[in-house]
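Read the structure below first, then the notes.
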Amino acid sequence: MNKSLIFANSSDLYNRASKIIPTATQTFSKSRMQFPKGKSPDFLKRGHGSHVWDVDGNEYIDFLMGLLSNLLGYADPDVNSAVVRQLEKGVSFSLATELEVELAEKIQNLMPSMEMVRFGKNGTDATSAAVRVARAATGKDGVIAIGYHGWQDWYVGATSRHKGVPQAVSELTKKVPYNDLVALEAMIARMRDNVACVILEPMSVVEPFPGYLKGIREITEKKGIVLIFDEVVTGFRLAKGGAQELFGVRPDLTAIGKGMGNGFPISAVGGRRDLMMEFENVFFSGTFGGEALSLAASIAVIDKINREDVIGNIWQKGELLRSGILAEIRKCGLDSAIKLQGVAPWQILSFDKIHSASAAEVKTFVAVGLITSGILTTGTFNMSFSHSIEDIEETVSSLARIFSALTEEAKVPGLGERLGCPLIEPVFKVRD
Ligand SMILES: Cc1ncc(COP(=O)(O)O)c(C=O)c1O
């Protein structure tokens, strides 16, 4: 708390952007909806390691890390030099390149269930390609989704943000809650077995209860339903081989993205050979699918994961942060109002009301406190290889101050008004 930050350049840029760019950004999660308006930066200029600088020159420890895409940290020297080497040779070619084969082999090595591999740019490309292949292979249209899977019609049609998606498409996808095998079986029955695939995040903010993933595997196998693991977040984060390695369950298809390129736009879909061979006919084809800088970046990321204990490192530092935050929550008696969910590499604070403060007031109070402490996050902690012990100690001691101030502030009605900015309300809960 305590830094008095100026956001004059951010504010000027925001005014220009909002005239010409809807939501003034390309990603909902980076928009003003997610941050305390006027009390946090809208635009960043550069990043190095775990730190970023905004357009007004303010420096932050970044725990958003490009929405989990910077697994190693900003401007990682190994990734940068691989990309620069490739840049000298060319970016997008007229035929395939060896890089595609090399990366597919490296991914297959880390995730043996990905017997064959295709590349895309965003995570949505990979999840959507997997769903299309599942439909092609089964001849069925229905999809059961558990978690968040990107912006395409087949998924968002089933969410509250379905504006613009034809109802006929929306009706084909049904969501069921995580960790609920009974609900899954009931839904399959309700859809009269017209189910091409079950797609789920094998783990998001909540851990799978013992037997849950194995249970899904058994149900889908018995019913001839394709099981797709959306490992866009968990791949290259929970374990070298993703959640499927950590929990010992082998899906039919897997989608990965985010950290695999350390910020470069690349994703992949892979899985059982017989299913993947459907891509000989199923249309999944784009100009930039084999773009070479991202392929080179991803090869460098995997080489680094294999060379250094990147995943062990983010677990270790994540645990340190986790135990520090939990101790401060307990010390301040905030257990009922603030929870820390997830596992060490990907943690999320959630908020509830306390005394006379609403959940939104608590969330906004903490968000403002973090930003003014020089910590960029709205409450998630996406660990990267580049976060230092000092980053973690500084974050824990900032949260200690914020929580302690909250215990006093929450007793006095009108916290929202005293914050001097609109409250952050959940505009679109992507995971429920
Ligand atoms: C689990 C999961 N799947 C898919 C996606 C979509 O990825 P992208 O935004 O790169 O299209 C996301 C993005 O946040 C995600 O978290």
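Residue numbers for the sequence shown follow this note's numbering, beginning at 190 and rising by one.
Note that CB positions come from ideal geometry on N, CA and C, so glycine has one too.
- Per DSSP, PHE252 lies in no alpha helix (DSSP H) segment and is marked neither H nor E.
- For TRP340, the distance from the CB to the nearest heavy atom of ligand 1 is below 7 angstroms.
- For ASP419, the shortest C-beta to heavy atom distance toward ligand 1 is below 7 angstroms.
- The beta carbons of SER199 and PRO230 sit closer together than 8 angstroms.
- Close CB contacts of ALA485 within its chain, under the 8 angstroms cut and outside five residues either way in sequence, are with ALA271, VAL272, ARG274, GLN275 and LEU288 (chain order).
- Classified as exposed, SER512 has fewer than 16 neighbouring CB atoms from the shown chains inside 10 Å of its CB.
- Remark: C-beta atoms of GLU304 and ARG461 approach each other more closely than 8 angstroms.
- Sequence-distant Cβ neighbours of ALA326 in its own chain, meaning closer than 7 angstroms and more than five residues away, are VAL415, LEU464 and GLU467.
- Beyond the five residues adjoining it in sequence on each side, THR286 comes within less than 8 angstroms, by CB distance, of GLY479, ALA481 and LEU484 in the same chain, given in chain order.
- In summary, LEU284 is exposed, with fewer than 16 beta-carbon neighbours lying within 10 Å of its beta-carbon over all protein chains present.
- The three-state reading of DSSP puts TYR263 in strand, counting E and B together.
- Relative to the non-hydrogen atoms of ligand 1, the Cβ of LEU256 comes within a distance shorter than 7 angstroms of at least one.
- Judged by DSSP in its simplified three-state form, GLY309 adopts strand.
- Distance between THR476 and VAL280, taken at the CA atoms: about 12 angstroms.
- Taking non-hydrogen atoms of ligand 1 into account, the C-beta of GLU480 is found less than 7 angstroms away from none of them.
- In this model, GLU497 and ASP330 are separated by some 43 angstroms (Cα to Cα).
- Judged by DSSP secondary structure, ASN571 falls within the beta strand (DSSP E) whose first and last residues are 569-571.
- Going by DSSP, GLY437 is part of no alpha helix (DSSP H) at all; its letter is neither H nor E.
- Here LEU288 carries a helix assignment [DSSP, helix/strand/coil].
- Between PHE472 and the set LYS429, PRO391, VAL290 and ALA318, the nearest pair of CA atoms involves ALA318.
- Runs of the alpha helix (DSSP H) lying entirely within the segment 326-387 and spanning at least 4 residues, in chain order: 342-345, 356-359 and 370-379.
- When only Cα atoms are considered, ASP314 and ASP419 end up about 11 angstroms apart.
- Only buried fits GLU550, as 16 or more other CB atoms lie within 10 angstroms of its CB.
- By the Cβ criterion, the segment 220-236 is not in contact with the segment 537-546, since fewer than three pairs of Cβ atoms, one from each stretch, lie closer than 8 angstroms.
- In this structure, the CA atom of LEU202 is about 41 angstroms from the CA atom of LYS295.
- Cβ contact annotation for ILE195 (same chain, cutoff 6 angstroms, sequence separation greater than five): ASP245, in chain order.
- Using a cutoff of 7 angstroms, the CB of ASN311 counts as near ligand 1, since one of the ligand's heavy atoms is closer than that.
- The C-alpha of GLY448 is placed about 7 angstroms away from the C-alpha of VAL422.
- Residue pairing by DSSP places GLN536 opposite GLY531 and PHE570 in a beta bridge.
- Looking only at SER218, ARG307, LYS278 and THR214, the smallest Cα-Cα distance to GLU469 is reached by ARG307.
- Distances taken from the Cβ of VAL422 to the heavy atoms of ligand 1 include one shorter than 7 angstroms.
- By the Cβ-count criterion, SER487 is buried, with 16 or more other Cβ atoms from all chains shown falling within 10 Å of its own Cβ.
- Distances from the CA of ASN495 to each of GLY430, ALA594, SER575 and ARG205 were compared; the closest alpha carbon is that of GLY430.
- Your pair GLU517 and ALA589 checks out as a contact, with CB atoms roughly 5 angstroms apart and the cut at 8 angstroms.
- Between ALA385 and ARG324, the C-beta gap is smaller than 8 angstroms, which places the two residues in contact.
- Rounded to the nearest angstrom, the gap between the Cα atoms of MET572 and ARG381 is 42 angstroms.
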